[in-house]
Amino acid sequence: MKFFIDTANLEQIKEAQDLGILDGVTTNPSLMAKEGIKGAKNVKQHYIDICNIVDGDVSAEVISTDYDGIIKEGLALAALHEQIVVKVPMIKDGIKAIRYFSSKGIRTNCTLIFSAGQALLAAKAGATYISPFLGRLDDVSTDGLNLIEEIRIIFDNYLFDTEILAASIRHPMHIINCAKIGADVMTGPLSAITALIKHPLTDIGLAQFLADHAKNK
Ligand code: E4P
Numbered sequence: 001m002k003f004f005i006d007t008a009n010l011e012q013i014k015e016a017q018d019l020g021i022l023d024g025v026t027t028n029p030s031l032m033a034k035e036g037i038k039g040a041k042n043v044k045q046h047y048i049d050i051c052n053i054v055d056g057d058v059s060a061e062v063i064s065t066d067y068d069g070i071i072k073e074g075l076a077l078a079a080l081h082e083q084i085v086v087k088v089p090m091i092k093d094g095i096k097a098i099r100y101f102s103s104k105g106i107r108t109n110c111t112l113i114f115s116a117g118q119a120l121l122a123a124k125a126g127a128t129y130i131s132p133f134l135g136r137l138d139d140v141s142t143d144g145l146n147l148i149e150e151i152r153i154i155f156d157n158y159l160f161d162t163e164i165l166a167a168s169i170r171h172p173m174h175i176i177n178c179a180k181i182g183a184d185v186m187t188g189p190l191s192a193i194t195a196l197i198k199h200p201l202t203d204i205g206l207a208q209f210l211a212d213h214a215k216n217k
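Structure, rendered in structure tokens:
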């Protein structure tokens with residue numbers, strides 16, 4: 001399972017990269033705004049800065065919602081760095097744009113996936129990744145994991161190359177459950193990733209080992 005971090009915060013990206021387990025980064029306009037990145041020039045430079053930290057794919061989202069605008073923006077984003085994956089919303093013009101990008105060898109991440117039908121369409125259009133939003137479904141009392149399970153079955157039935165990128169991950173159990181189902185990738189905050197490290201019995205055991213070692217000195 002690939003681990004992506006879902007942030008535009010350079011310090012957090014560096015911390016995850018230093019752990020040695022990071023496979024990529026996802027961003028979105030809200031995450032860019034949270035870091036105070038404004039203006040086309042600064043946004044582009046920020047994507048390049050992210051690419052220079054991480055070894056792996058970096059999703060950069062288009063703002064346009066019409067076909068021509070998505071194509072123009074996507075081409076400009078893809079030209080920034082070879083690690084850039086163009087993130088396109090699940091809308092009619094987005095699907096058409098994903099087909100175009102796919103025909104040009106430009107990789108895409110179809111975002112805001114909330115149903116198996118949407119995932120199927122994006123895969124047929126040639127998306128590199130589809131991003132079902134697990135946490136946001138859970139927020140509205142709908143089983144997000146069940147959606148990922150459905151998409152896994154569909155993609156396996158037809159041997160789609162499109163990777164399931166479980167997004168909107170909120171906590172470590174989301175990551176573990178996605179791994180059990182066979183999501184190809186998960187993207188989540190640094191806190192969910194580092195929470196996987198912790199176990200009270202590890203802390204107790206280590207304290208005991210160190211205390212016993214000290215007795216023998
Ligand atoms: C996915 O690519 C999105 O950036 C993200 O995972 C959304 O997560 P949220 O629901 O925590 O905002």
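If you count the sequence shown from 1, position 106 lands on 106 in the numbering used here, and the numbers rise without skipping. Don't be surprised by glycine CBs; every beta carbon is placed ideally from N, CA and C. Here the structure is a predicted model, which means the values were calculated and not measured.
Under the three-state reduction of DSSP output, Val43 falls in the helix class.
Beta-bridge annotation (DSSP): Lys87 is paired with Glu61, Asn109.
Taking a 10 Å sphere around the C-beta of Thr142, we find fewer than 16 other C-beta atoms and assign the residue as exposed. In this structure, Gly126 sits away from Ala97, with a CB-CB distance that is not shorter than 8 Å. Out of Ile153, Asn42, Ala60, the CA that lies nearest to the CA of Asp184 is found in Ile153.
Checking the DSSP bridge columns, you'll see Tyr129 partnered with Asn109, Glu163. In summary, Pro200 is exposed, with fewer than 16 beta-carbon neighbours lying within 10 Å of its beta-carbon over all protein chains present.
For Thr65, the shortest C-beta to heavy atom distance toward the ligand E4P is 7 Å or greater. Pairing Leu10 with Tyr47 gives a Cβ-Cβ distance that is not under 8 Å. Within 7 Å of the C-beta of Thr162 there is not a single heavy atom belonging to the ligand E4P. Within the DSSP bridge table, the entry for Val25 names Ile5, Val58 as partners. Residue range 200-215 is occupied by the alpha helix (DSSP H) that includes Gly205, with no beta strand (DSSP E) assigned at that position.
DSSP places Gly188 inside the beta strand (DSSP E), whose first and last residues are 185-188. Cβ atoms of Ile50 and Ile13 come within 8 Å of each other, at about 6 Å.
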